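**Student:**
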Amino acid sequence: MSAPITPRLPGIRFVHSPGPTHVPDEVMHAMQRPMTDLADPRVAALIVACEKGMQELLHSPGSDVFFYASNGHGVWEAVSANLGSDQHSLLIAGSGHFSDQWALQTESLGLSVLRTPHQEGQRIDVSAIEAMLKADTHHRISAVMAVHTDTASGITSDLMAIRQAIDRTKHPALFVADIVASLGATPFDMDAWGVDVCLGSSQKGLMMPPGLGFVATNVKAFNWSKEHAKPRFYWSWLERKTDNQSAKFCGTPPLAHLAGLEVSLGLLKAEGLEAVFARHKRLGGAVLAAVHEWATAGALKLHCQDPDGFSTSVTAIEVKSGIDPEALRVVAREKFQVAMAGGLGDLAGRVFRIGHLGDMNEPMILGALAGIEAAMTVEKIPHGTSGLRAAIAYLAEHTP
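Under the numbering used here, the first residue of the sequence shown carries the number 1355, and numbering increases by one thereafter.
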């Protein structure tokens, strides 16, 4: 018996989760190219182009870039496996749901993990990191690991402040940055910011489908791993640092994703990174303007309480007790074709999230805000009714 055919709805569904994000047609077309044998020199050229393109995007021409057929959780494990040892601990800075998940995943590898406390609605507590490093007089902490943008809370922390704290203590710990949700949406400079290792994945600011993760590491971190890390294989940087295409990927390279990445990197370069960052800041500002107006009725509020912490990637909106954000999401998606995200971890059932990163422009964000405002009306959620007007006014003032 064949499955029932669901009628196609006209138009497009707006994807406003903070990942997966909208994928440009150029990237999709590149990923549909026919496969080729791995001995074809064009495969080697594609891999080199992606490695060099990532080095350029990260502002780190001397780093090693390793690609994995994985999501962000996979490259979390890759970093932990390469920087963990039985004689050391990894310090994961508390920033919310994703730092907690990274810590749990790392502990499951049998590695020692330390955490700093986190306060809801706030950025990473840099003073807590500094205090733990000062107390570590025997230098058992091998790395400080921080999530740049916590997707669950919509908060971006100050990576340079963390680097400065490490430097003030004169601690030899490596500095690791999770840039899964920030890369391509807000400035990042691996070398200038003193980041030894960074990691990310394809489905957010890189404007691709999920499935490709990356790690970039400098010489200091690579050599530390070579000398201290526990035995590992699939995730190992040692085996992947090679010109052998199969060994570089511990098997067959993800050719379609690499083809898409080459194009997405070209699109970012053609737009210009400063223009990309300005666009994300502008669209995020329009969302904030709408939320500020919605919040005037008292049923909604911004989750981020630090005015310097608002993310250009995603905005998290808290709802008053008694309001079901999941019901709102269903109405927005099924009646008004706007797919947004819900709460994760401790924020489940408390927030909804609007993604505004990747291949996104003004009409798309205005369409999303209109659909969400309509869904709140259907759900009878008290809200200021001029959210869309506030967003339009913001864009009219800030669009070049």
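Beta carbons: idealized from backbone N, C-alpha and C, even for Gly. Predicted, not measured: the structure shown is a model, and the values here were computed from it.
1. Measuring only the C-alpha atoms, how far is Q1476 from S1665?
2. Give me the DSSP bridge partner(s) of K1558.
3. Give the range of the alpha helix (DSSP H) segment to which R1636 is assigned.
4. Note down the Cα distance separating L1682 from K1689, rounded to an integer number of angstroms.
5. Spell out the partners DSSP gives L1609 in its beta bridges.
6. Using beta-carbon positions only, say whether V1549 and A1531 come within less than 9 Å of one another.
7. Taking the alpha carbon of A1570 as the reference point, which residue from F1542, K1584, M1385 and A1702 has its own alpha carbon closest?
8. Could you check how far apart the C-beta atoms of V1498 and I1520 are, in whole angstroms? I think they sit under 8 Å.
9. Which full runs of the alpha helix (DSSP H) of 4+ residues lie inside the segment 1494-1537, going along the chain?
10. For M1514, which residues of its own chain have a beta-carbon under 7 Å away from its beta-carbon, when the five flanking residues on both sides are left out?
11. I want to check one thing, is the minimum distance from the CB of L1487 to the heavy atoms of the ligand GDP below 8 Å?
12. State the start and end residues of the unbroken alpha helix (DSSP H) segment that holds M1408.
13. Grab me the residues of N1436's own chain with a C-beta within less than 6 Å of its C-beta, minus the 5 sequence neighbours each way, in chain order.
14. Suppose you measure from the CA of L1619 to the CA of L1560; what does that come to, to the nearest Å?
15. Identify the continuous alpha helix (DSSP H) that holds V1549 and give its terminal residues.
16. I'd like the ranges of any alpha helix (DSSP H) spanning at least 4 consecutive residues and lying wholly in the segment 1557-1588.
17. Decide if the segment 1701-1708 is in contact with the segment 1622-1636; the criterion is three or more beta carbon pairs, one per stretch, under 8 Å apart.
**Tutor:** In short:
1. 12 Å
2. In DSSP, K1558 forms no bridge with anything.
3. L1627 to W1648
4. 10 Å
5. Note: L1609 sits in no beta bridge, so no partner.
6. yes
7. F1542
8. 6 Å
9. 1513-1523
10. W1547
11. Here there are no bound small molecules, and the ligand GDP is not part of this structure.
12. P1395 to L1412
13. S1579, A1583 and W1591
14. 7 Å
15. Taken as a continuous stretch (DSSP letters only), V1549 belongs to no alpha helix (DSSP H), as it is neither H nor E.
16. 1573-1582
17. no
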